[in-house]
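All remarks here apply to the structure that follows.
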Amino acid sequence: MNQATEGPLSRLLEAFTTPLTPVDYVTLVNPLRGREVRGQITSIEKHDDFLSLTLTPGPGMPRTFHAGQFIGLGLQIDGRWRWRCYSLTNAPQRRGRSLTVSIKPVPGGLFTQHIADNAEVGQVIRLTAPGGDFYLPQPVPRKLLFLTAGAGITPVMSMLRWLKQEFPPQSDSDDDSTSFPDVIHVHSERASQPAAPYGEELQTLHNEVPNYHLITWDTTQQGRLTVDTFKDLVPDATTRQFYACGPTQMLDSFHDEFPDMHSEKFFIEVDGNNHGGDIHFSTLGVSTTSTGSTTVLEAAEAAGVNLMHGCRMGICRTCVTPIEDGAAVDLRDGHTYGPGEQIRTCCTVPAGTLTIAGQ
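Going left to right, the sequence shown walks through residues 1 to 359 as UniProt numbering numbers them.
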C-alpha cells in the first residue's frame, strides 16, 4: 500500500470496524498480532528451582538480541497488567526466533507464583523488546571471568551457550581468535552445584571444553563467598574481563575491589504483606493504593498515571523520581528510602503513605 492511499483506506476500514479498530479484528485471527508485542508459550519445563518458558514472539519483536539481555513479560493478574523482566537464557539464533526465559518461583511472589501455577502451552502474553547492556563486547575478550549467584546464573547461561555456539571446541586449531575463550566461572549456590536445569550442562561444559573452568561455592557448607576468598579462588581476576550477576548486597561488596566489573543485580520478588500504602501524585492531584505486591509504577499505571519507565527491572534509571514525602522500599535489597531520596518506581513499593510528583 502506498503512502498516498494508506491514510484514506485506513480511515475507511476504521469506519466499518468502529468502535473497534482493524487491528482488533486481525488479533482475533492471529493472537500474536496486536497493538503491543506479544509472544506465545510453546514449551514449559519445570525443575526444582526454576521454571523455563520457551516463547515464539509475534511481529514487532526484534529478531536479534545480545546474549545476556532481558525481555519483559506482561500478564493480567487480578484485573491489572503486571510486568517483570527476566534474562534470556538461550543463545541468539541465526535462524528461528524462539526465546527462552527461566523464572524462579518465590512463595508469596505475585508474578512468579502466578506464572508457576497458571502458565500453559499456547498461552499468549505481552512482551517487551530485549534490553540491557549486560553482554559481551565485540571482539570477545580472550580472558573472561564470570561470577554468578542463585538466579543470577541466567544471563551468563545465555553468554556461555552463545560462546559454545560461536567458538566450538577445536582441539586441532592453532587460531586463538576462533577458539573458546579462557573462561573462569565462579558460581555461588545453596548447594554443591548450580540448580537444575543448569548444573549438568555446566559440568559437561567443564569436562569437555578445556578453556572453561567451573568453580562452585556451596554457601550452606562454606558460608558466604567473600571478596578475599574470591581473590584466592581466582588469583588473576584483575587480568580478566569480569562479569557478575547476583544479589545487590554481594555485588556491591565486589564493586569496591573490582571497580571495572560489569554487573547486573537481579530483582528479588518478595512477599509484599509487610509493605504497601497510599501513593499521592502531588502535581496531578491523584491518589491510589498499593498492597505491597504492586510497585509504584504498576500502581500508577492502574490509576491512569503515566510515569516515565524503561526496563521495568531497576537497571535503566528511566523511572527514577524523588520522594517528596513518606517512604518506599526497594524490593531488590529491602532498602528504605525517605524524603528527598531518589527511587526507581519499577522496583519499589510504598512503606506507608508515599508522595511523589507524578510528572
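We put the CB at the ideal spot given by N, CA and C, even for glycine. Please read these numbers as outputs of a predicted model, since none were measured by experiment.
H114 sits in a helix when the DSSP states are folded into three classes. Per DSSP, reduced to three states, the secondary structure at K104 is coil, with no helix or strand assignment. For the pair H187 and G304, the Cα-to-Cα distance works out to about 43 Å. Annotated three-state conformation of E264 is strand, per DSSP. Looking at the DSSP output, I315 bridges to nothing. For E200, the enclosing alpha helix (DSSP H) has its first and last residue at G199 to E208. Within the region 301 to 347, the beta strand (DSSP E) runs of at least 3 residues that lie entirely inside it are, in chain order, 320 to 330 and 342 to 344. Within the DSSP secondary-structure output, D278 pairs in a beta bridge with T289.
Checking the DSSP bridge columns, you'll see Y212 partnered with V183. Rounded to whole angstroms, the Cβ separation of P57 and R95 is 15 Å, and the two are not in contact under 8 Å. Going by C-alpha positions, Q40 is about 39 Å away from G285. Scanning I77, C316, F180 and A149 for the CA closest to the CA of D218 turns up A149. In the DSSP assignment, F254 is bridged to no other residue.
Comparing alpha carbon positions, the residue from V101, W81, S87 and N90 closest to I44 is V101.
Pairing E264 with P155 gives a Cβ-Cβ distance under 8 Å. When N90, F146, A351 and I279 are compared, the shortest CA-CA separation from G338 is found for A351.
Within the same chain, Cβ atoms closer than 6 Å to the Cβ of F258 are found at F242, the five residues on either side in sequence being excluded. A Cβ-Cβ separation of about 13 Å leaves L145 out of contact with V227 under the 8 Å criterion.
By DSSP's assignment, Y135 forms no beta bridge with any residue.
Under DSSP, the beta-bridge partners assigned to P350 are A328. Here DSSP, grouped into helix, strand and coil, assigns V37 to coil.
The Cβ atoms of H280 and S290 do not sit closer than 8 Å to each other. The beta-bridge partner set that DSSP reports for K164 is empty. In the three-state scheme derived from DSSP, where H, G and I count as helix and E and B as strand, Q359 is classed as coil. By the 16-neighbour rule on beta-carbons within 10 angstroms, Q342 is exposed. Its Cα nearest to that of I356, the residue L297 stands out among C311, C316, H335 and L297.
Each residue's CA atom was taken as its position, placing E301 and V140 some 40 Å apart. Look at V227 here: in three-state DSSP terms it is helix. For Q221, the uninterrupted alpha helix (DSSP H) run begins and ends at T219 to Q222, by DSSP. The closest CA to that of P130, considering only S158, L331 and Q69, is found on Q69. Here the region 115 to 134 makes no contact with the region 199 to 206; the two share fewer than three CB pairs at distances below 8 Å. A direct Cα-to-Cα measurement between Q222 and R38 gives close to 44 Å. Looking at the DSSP output, R84 shares a beta bridge with L73. Just so you know, the alpha carbons of S192 and A151 end up roughly 15 Å apart. Linking T220 to E200 through their CA atoms gives a straight-line distance of about 20 Å.
In terms of CA proximity to T239, M261 leads the group T216, M261, R224 and T229.
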